[in-house]
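Sequence order for the protein chains is A and B.
Residue numbers for the first sequence follow our numbering, so the first one is 1343 and each next one is one higher.
Residue numbers for the second sequence follow our numbering, so the first one is 860 and each next one is one higher.
Beta carbons: idealized from backbone N, C-alpha and C, even for Gly.
Every value quoted in this text rests on a predicted model; they were computed, and no experiment measured them.
One structure is given below, encoded as structure tokens.
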Amino acid sequence: MATYGLLIDYEYCTNCGSCQVSCKEEHGYPVGKTGIAVHADGPWYIDDDNINFNYFPLPTDLCDLCKDRTERGREPICVHHCLANILYYGTVEELSKKLEEKPKQMLIVPQYMPRVAKGEFVHQENATDLHKAAAMDVKGTGASTFGAHRADAKVGEYEEDAV
Amino acid sequence: MTTTPKIDNGIENFRNDLGKPWRYEEDGYTVTRACAWSAPGCHPVGCGVKLYVNKDGILEKVEGDENQPITQGRLCMRCLTLTDFTYHPDRVIYPMKRAKEDRGKDKWERITWDEAYDIIEENIQGLKEKYGPESIVVFGGTGREGGPMCGPYGAAMIGTPNACYTQSGYACYIPRVAAGTYVAGVTYPEMDYAGGLPGRYDDPMYKIPEVLVTWGKEPLPSNGDGFFGHAVIDVMKRGSKLISIDPRSNWLSTRAVYHLQLRPGTDTALGMAMLNIIISEDLYDHDFVERYCYGFEQLAERVKEMTPEKAAEICDLDVDDIYGATRMYACADNAAILWGLATDQKANGTQSGHTIVALEAITGNLDIPGGQLLGDVSDSLGDLGFGWKELGPELQNKIIGLYEYPAYVGLVLNSHADLTLEAMETGEPYEIHGGFIASTNLLAGTCAAQPKRWHDAMVKLDFVFAADCWITPTIQCCADVILPLATYAERQSMVGTHYGASPNMLGAVVDAVKVGETKGDLEIQYELGCRLNPGTYARFKDFEDFRSEFRLGNLGMTYEELREKVVVQRNVSYKKYETGKLRPDGKPGFNTPTGRVELYSTMYQQFGEDPLPYYEEPQRSPISTPELMEEYPFVLTTGARTYAYFHSEGKQIPLLREVNPDPLLEINPKDAEKLDIIDGEWVKVANEFGECQLKAKVTPIVKEGVVHAQHGFWFPEEDGEEPHLFGVWRCNINELIPHKFVGKLGFGAPFKCVICKVEKLNK
């Protein structure tokens, strides 16, 4: 069973914000909540001529790696809309290989609602709806090399050919 | 004309919608593929969208269409929030009227289209009879279909010569178009990003630009004039090196080999110095200059006076950087300049444009792969001139500014902005009594200098109607009737890169949903035109017939055929000056009086302008007005774009407002320290012309002594009635921009180069 994540080529992140806004539209997250946000480091001067100025799109604890989309064989919505084409979704294994291709990249495996997923602070009345384990892997769709993966996805619900 | 988009996203196993038809069913949705163009406003990039409409006929979501060969599924936040825009409770979706005595009050009343048309017809025809058709002005903006349609709305629909883009000196796009047209006979030399080639960047005809110059432009958020901004990222990834010419550091400039951080408004001095270096170091394309340029010797002589050392002093630059950047640009096999709005936003802008076109020409970069792509003679701004002939010479000659600024008025068939305001204020050369606000929010710090003067002039008009999606401050203060404007998901039209003036793509705008009783600009023009000026529309059988001629004239296909294809790429060819495609007579060369690129412009000469570029200081600057600098120590530049908004539009969309909640003033940390201003503090910005309040953003991206202010803010959540008008005056940076500080030909105004002071708001 594979673990899935996002590879972020932050060399070319322009802070367009399409990841954040498309995520919020996809999940219905209101102002103040998001599954991914762009953070800035800089601009500050390294020396007289050079400026450090990088943007980093980082998944939050509300990132479910778009399991409703990936279980249908679609890429996460942020990956789809990123104007600079710098977000990649896949297994950690294949993304790791890409990580070696160039500098200024990072590989992130988010976890949706981690405290809930770990079984802590779960209200008893809701406990049956949730998976306590932090499992990132569920069955693949069979339609592609990746599959749905989220902690509270109902394992086994998706058929191999349910695309 | 085939499209084979390639999704370059590394991992290939995603399902996608490549090859899907223009409309299909999926998971309970009817999905319509289309190209986006206005409303929401944007320049005509024609980004691919998939519109998901549910069984109840509601647009539920929008996704980027991976079939669109340029955008390839990517989409920016302004279209990602289309559903919020479409169904926003404040949106105007029915025609509305308000009694004239209730102007400025929130007393709108829903009416039918017929009643709206009746009221407009009665009032406009009445004014035409009483004061003449020229007493009515169409106020035009930018970015919506109603922007370029400003001319036809005036000449064809109403029958007045006075269509007016209200920004002082038409300080947006048209000064560049003027430089392109008068110097080289082409509308707008744009960076070639393979938009019209089936294989895009990998097409055998294409070559990645070795060097890319962004000059007074932020292409990433602005998509200026229909250029897909992130094409810059695409070519950077494929090896293009950058030069940035900009008073602010932005993301691109920090990636540039050279960032020439010049003093705002001094671009022409830099352009002349670059020409000087290229000519004196013999870095120019001899063959092109000999065969296709006119006046090279005179240009060489003129730019001699602008040594790089002198320019370095004027522009506040390191002279070695000027040499280095110029050599890098001139020695590249192919290079492109992305010239931005900053070119237009100074009185000396025509000359800036002239130097940029001259640079592109003498380095041999015009119309080569990965250089500056030129539109051929059949590509044109489809709207330009529609209905003009039918006006007849008497009315044509009444267009405001024809005698003062013929190079401006004649080029775009628009009345001169500054003189139109003066006519409204003084009644000279004649009185203005009626107005049509066509997709512009000119009072909200967008396309008007001294917006309070415009306000005071507009509220005096006898009758005003408007077409828009929102009750803007501009509409609230003076309109009597509002016509509800459709978004691109609600109407049928088409979109072409650069308004059709660049051979990249044409796309279909498709109606996927019906919202209230909205209509598009095309329908409004036709239906109201048939009532107000029936003669001009008599030759059309019906609306479809009109739309075919007006929008699809050159295309050779029907709207239905275009919709079926969604997007067509246009046949691209290069070096059209060799093949005769740039001239109506089919002869090789350029479409100028001499048939060459006129480095020495006979057209400028004819208009009484210097035929060669020259540098002039901004009217307010440390050099031209040293005596004012003690009181106003900062050079003020304004209006850099952000991803969140299209100028004044989008302020009521929560997910956009979240990204850019307040209007910012960027100020250097050292200046902020001197003034005891902390990051996030509200400050007063003022000069001799006006003042406003902005939120300080303390940042090193501006040099000491330079501040940058955001534009276009109003506050839809605040009281909309007069005198508050959604808080439109509080943060209005255009109050600091003077009236009629324009260039000799009437073009250009100092929206990006005035002076100001900055003070703590609560001392």
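Beta-bridge pairing of residue i - partner residues as DSSP gives them
i: V1323 of chain B; result: B:G1294
i: K1634 of chain B; result: Beyond the ends of chain B as shown, which are 860 and 1622, falls residue 1634 of chain B; an answer cannot be given.
i: F1343 of chain B; result: The displayed chain sequence assigns Pro, not Phe, to residue 1343 of chain B. Looking at the DSSP assignment, P1343 of chain B forms a beta bridge with B:D1327.
i: A1043 of chain B; result: Note: A1043 of chain B sits in no beta bridge, so no partner.
i: Y1012 of chain B; result: Its beta-bridge partners do not exist; DSSP assigns none.
i: I1378 of chain B; result: With the sequence shown as reference, residue 1378 of chain B is identified as Lys, and Ile is not the correct amino acid for it. Answer by DSSP bridge pairing, in chain order: B:L1344.
i: E1049 of chain B; result: B:L1232
i: A1382 of chain A; result: A:Y1397
Beta-carbon proximity check, residue i vs residue j, cutoff 7 angstroms
i: F1245 of chain B; j: P1559 of chain B; result: no
i: T1496 of chain B; j: P1123 of chain B; result: yes
i: I1596 of chain B; j: H1570 of chain B; result: no
i: C1355 of chain A; j: Y1387 of chain A; result: no
i: K1440 of chain A; j: E1353 of chain A; result: no
i: I978 of chain B; j: G1229 of chain B; result: no
i: E1423 of chain B; j: K1603 of chain B; result: no
i: G1028 of chain B; j: A1022 of chain B; result: no
i: T942 of chain B; j: L1515 of chain B; result: no
i: G1048 of chain B; j: L1233 of chain B; result: In the sequence under discussion, the amino acid at residue 1048 of chain B is Pro, which differs from the Gly named in the question. A contact, by the Cβ cut-off of 7 angstroms.
i: L986 of chain B; j: E925 of chain B; result: no
i: L1119 of chain B; j: A1030 of chain B; result: no
i: E1525 of chain B; j: H1567 of chain B; result: yes
i: G1366 of chain B; j: C938 of chain B; result: no
i: V1627 of chain B; j: V1354 of chain B; result: One cannot answer for residue 1627 of chain B here, as it falls past the ends of chain B, which runs 860 to 1622.
i: A1307 of chain B; j: L1301 of chain B; result: yes
Same chain only: Cβ atoms within 8 angstroms of residue i, ignoring 5 sequence neighbours per side
i: T1470 of chain A; result: In this prediction, T1470 of chain A scores a pLDDT of 47, lower than 50, which makes its location untrustworthy; the coordinate-derived value is nonetheless stated afterwards. Closer than 8 angstroms at Cβ, skipping near neighbours: no residue.
i: G1359 of chain A; result: V1380
i: D949 of chain B; result: W1329, I1330, Q1511 and P1575
i: L1243 of chain B; result: P1007, G1010, V1271 and L1272
i: F1488 of chain A; result: Residue placement at F1488 of chain A cannot be trusted, given a pLDDT of 36 that sits under 50; what the coordinates show is reported in the next sentence. Closer than 8 angstroms at the Cβ level, and outside the excluded window around F1488 of chain A, lie A1344, Y1346, T1412, Y1431, G1432, T1433 and G1482.
i: E1168 of chain B; result: V1178
Candidates the options: closest to residue i by CA position
i: K1100 of chain B; options: B:I1196, B:Y1032 and B:C1009; result: B:I1196
i: A1206 of chain B; options: B:M1317, B:T1046, B:E1476 and B:T1185; result: B:E1476
i: S1298 of chain B; options: B:E1281, B:A1308, B:A1345 and B:G1375; result: B:A1345
i: Y976 of chain B; options: B:G999, B:D1177, B:A1326 and B:A1184; result: B:A1326
i: N1519 of chain B; options: B:A1545, B:Y1289 and B:F1572; result: B:F1572
i: L1280 of chain B; options: B:A1266, B:G1260 and B:P1265; result: B:G1260
i: T1209 of chain B; options: B:G1223, B:A1266 and B:E1156; result: B:A1266
i: E1532 of chain B; options: B:P1447, B:E1618 and B:T945; result: B:E1618
i: G1498 of chain B; options: B:L1270, B:P1522 and B:P1447; result: B:P1522
i: D1594 of chain B; options: B:K1543, B:M1064 and B:P928; result: The sequence shown places Glu at residue 1594 of chain B, not Asp. Ranking the options by Cα distance to E1594 of chain B, first place goes to B:K1543.
i: E1563 of chain B; options: B:G1388, B:A1037, B:V1494 and B:A1371; result: B:V1494
i: E1263 of chain B; options: B:P1582, B:K966, B:F1606 and B:N913; result: B:F1606
i: N1109 of chain B; options: B:L1534, B:F1449 and B:R1500; result: B:R1500
i: E1284 of chain B; options: B:L1301, B:G1269, B:A1316 and B:D1535; result: B:A1316
i: D1051 of chain B; options: B:M1462, B:Q1231 and B:K1257; result: B:Q1231
i: A1555 of chain B; options: B:G1005, B:V1565, B:P1481 and B:I1536; result: B:I1536
i: A818 of chain B; options: B:L1158, B:I995 and B:G900; result: A query on residue 818 of chain B cannot be resolved here, the shown segment of chain B reaching from 860 to 1622 and no further.
i: P1447 of chain B; options: B:Q1351, B:F1147 and B:E1069; result: B:F1147
Residues near residue i in its chain [Cβ-Cβ closer than 7 angstroms; skip 5 each side]
i: D886 of chain B; result: none
i: E1457 of chain B; result: V1042, Y1153, G1154 and T1451
i: L1254 of chain B; result: P992, E993 and P1020
i: L1121 of chain B; result: I1104, P1106, L1129, C1174, D1175 and L1176
i: P1418 of chain A; result: L1407, C1408, R1411, T1412 and Y1431
i: Y1473 of chain B; result: Q1210
i: Y1385 of chain B; result: Y1396, F1402 and F1405
i: Q1362 of chain A; result: T1376, I1378, A1379 and V1380
i: T1652 of chain B; result: The requested residue 1652 of chain B does not occur in the structure, where chain B is confined to residues 860 to 1622.
Cβ-based neighbour list, residue i, same chain, cut-off 6 angstroms, excluding 5 preceding and 5 following
i: I970 of chain B; result: P954 and K956
i: V1323 of chain B; result: G1294, C1337, A1338 and D1339
i: V1431 of chain B; result: G1055, L1056 and P1362
i: W1588 of chain B; result: none
Cβ distance (whole Å) where residue i is taken to contact residue j below 8 angstroms
i: Y933 of chain B; j: L1425 of chain A; result: At residue 933 of chain B the sequence reads Arg, which differs from the Tyr that was named. That pair is a contact at about 5 angstroms.
i: D1105 of chain B; j: T1125 of chain B; result: Wrong, their Cβ atoms sit about 12 angstroms apart, outside the cutoff.
i: P1401 of chain A; j: G1432 of chain A; result: That belief does not hold up - the Cβ atoms of P1401 of chain A and G1432 of chain A are roughly 15 angstroms apart, past 8 angstroms.
i: K1375 of chain A; j: L1404 of chain A; result: 6 angstroms
Proximal chain D residues relative to residue i, where beta-carbon distance stays under 7 angstroms
i: S1364 of chain A; result: Absence of chain D from the displayed structure is noted, the protein chains being A and B.
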